[in-house]
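> Those letters in the sequence shown? Residues -22 to -1, 1 to 208, by mature numbering (1 follows the signal peptide of the UniProt record, and there is no 0).
Note that the Cβ used here is the ideal one computed from N, Cα and C, for glycine as well.
None of the values given here were measured: they were computed from a predicted structure.
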Amino acid sequence: MSTRLRILALCLGVCAAGLVHAACRDNVVLVHGNTGSPGDFVNTTNTLLARGYSPAQIFRPGWGSSCAACNDHLGSEETPVENAMIDAIASSCTGRIDVIGHSMGATLAARVIDRLAMKNYVDSFVGIAGAFRGLRSCGTYPFNVWTSTCGAWGLSVNSPFLNGIDGQRFGSRETSIKSWYDEIVCSTGICTVGGVHSSQISGENATLTYAWGHYGLLWYTASKQADLIQ
């Protein structure tokens, strides 16, 4: 755990003592996908607001460049997500957060949680249309991997990055949301890697399947997303 998080943990312990009688809920961090934007979570955000969350409880970091092939899970892509998670924890009345990531945002959120040993601060982790087992369209590492997004810190099957987070925990509860009609995860016509849907998270508590495409999984499951973090 980083020095910053150790200090944060001490602060939370002190703050929690004064909040034991207050009704509160986890802050929420919403992480968009590759070349996406915080606005991709508009349906989720509106659903949470309708359920009584305040805008200050919802964190939507923007990350990455407009070059889809250039983004990966190392360096500048991590920083906005890391800062959002730390700020969300620091202002959470429960001392914990819920994290929902879409597409590459799901694996990026997992990377930040794993690198900073944040799993004990995360109550629910929801990965929507992620490629936790890799994208067949990226090839199998290290063969025919031409871009950063598909490289060692990217989403090629068997990449060092994906192997490094495989089997790790990203929260107390983990749920994947997937589709067999996902035009990104299933772009080659095959959704599985090693016989398992690539959007599934090792050790997950549940997986939910819908008949929507890559963005439909995000836009049309807002109510279920909110249910999963209650």
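Quick test of your reading: I36 and V104, contact by CB under 8 angstroms. State the CB separation rounded to the nearest angstrom.
Wrong, their Cβ atoms sit about 14 angstroms apart, outside the cutoff.
> Does W124 pass the burial test, meaning 16 or more other C-beta atoms within 10 Å, or should it be called exposed?
It is exposed - the Cβ of W124 has fewer than 16 other Cβ atoms within 10 Å.
> Using alpha carbons as the reference points, say which of D65, S43, D50 and C48 lies closest to V7.
The candidate whose alpha carbon is nearest that of V7 is D65.
> Assuming S177 contacts G108 under a Cβ cut-off of 8 angstroms, what Cβ separation, rounded to an integer in Å, is found between them?
Going by Cβ atoms, the distance from S177 to G108 rounds to 5 angstroms, so yes, they are a contact pair.
> In or out: R147 buried (at least 16 other Cβ within 10 Å) or exposed?
Counting Cβ neighbours within 10 Å, R147 comes out buried, since at least 16 surround it.
> Under 8 angstroms Cβ to Cβ from F110, same chain only, skipping five residues before and after it: list those, please.
A84, T85, A88, L140, I143, D144, S154, S176, S177, Q178, I179 and S180, listed in sequence order.
> Closest to A62 by CA distance: which of W197, S102, V90 and T25 is it?
It is V90.
> Let me check understanding here. Comparing Cα to Cα, which of C2, A189, H192 and E161 lies closest to A34?
Comparing Cα positions, the closest option is C2.
> Could you tell me which of G79, E60 and C48 sits nearest to L206, measuring between CA atoms?
Ranking G79, E60 and C48 by Cα distance to L206 puts G79 first.
> When the Cα atoms are used, what is the spatial distance from W158 to D50?
Between W158 and D50, the C-alpha separation is close to 24 angstroms.
> Rounded to the nearest angstrom, what separates Y198 and G112 at their Cα positions?
Each residue's alpha carbon lies about 24 angstroms from the other.
> Please work out which residues of its chain come closer than 8 angstroms, Cβ to Cβ, to F19, disregarding the five sequence neighbours upstream and downstream, and give them in chain order.
Correct list, in chain order: L8, H10, R38, I78, H80 and L196.
> The ligand PLP and S32: does any heavy atom of the ligand fall closer than 8 angstroms to the residue's C-beta?
The model on display carries no ligand, and the ligand PLP is accordingly not part of it.
> Count the other CB atoms within 10 Å of the CB of C45; is the residue buried (16 or more) or exposed (fewer)?
So C45 counts as exposed.
> With DSSP as the reference, please indicate the residues paired to A184 in a beta bridge.
Answer by DSSP bridge pairing, in chain order: T153.
> Below 8 angstroms on the Cβ atoms is my contact criterion, and I expect G42 with T13 to pass it. Report the Cβ-Cβ distance as a whole number of Å.
Indeed they touch by this definition, with Cβ atoms about 7 angstroms apart.
> On a Cα-Cα basis, can you pick out the residue from N136, C128 and E60 that is closest to R93?
When only C-alpha atoms are compared, the closest one is E60.
> Measure the beta-carbon distance from T72 to D4 and round it to whole angstroms, keeping in mind my assumption that it falls under 8 angstroms.
Sure, about 5 angstroms apart at Cβ, within 8 angstroms.
> Can you name the start and end residues of the beta strand (DSSP E) that T118 belongs to?
Here the beta strand (DSSP E) through T118 covers L113 to T118.
> Here's a check: name, in chain order, each residue in its chain whose Cβ is nearer than 7 angstroms to the Cβ of T118, leaving out the five neighbours to either side.
Excluding residues within five positions, the ones whose Cβ falls inside 7 angstroms are S134, V135 and N136.
> With A47 and T127 assumed to form a contact (beta carbons below 8 angstroms), what rounded beta-carbon distance in angstroms separates them?
The pair is a contact, with the Cβ atoms about 5 angstroms apart (cut-off 8 angstroms).
> Do you know how far the Cα of C116 is from the Cα of L186?
Roughly 25 angstroms separates the two Cα atoms.
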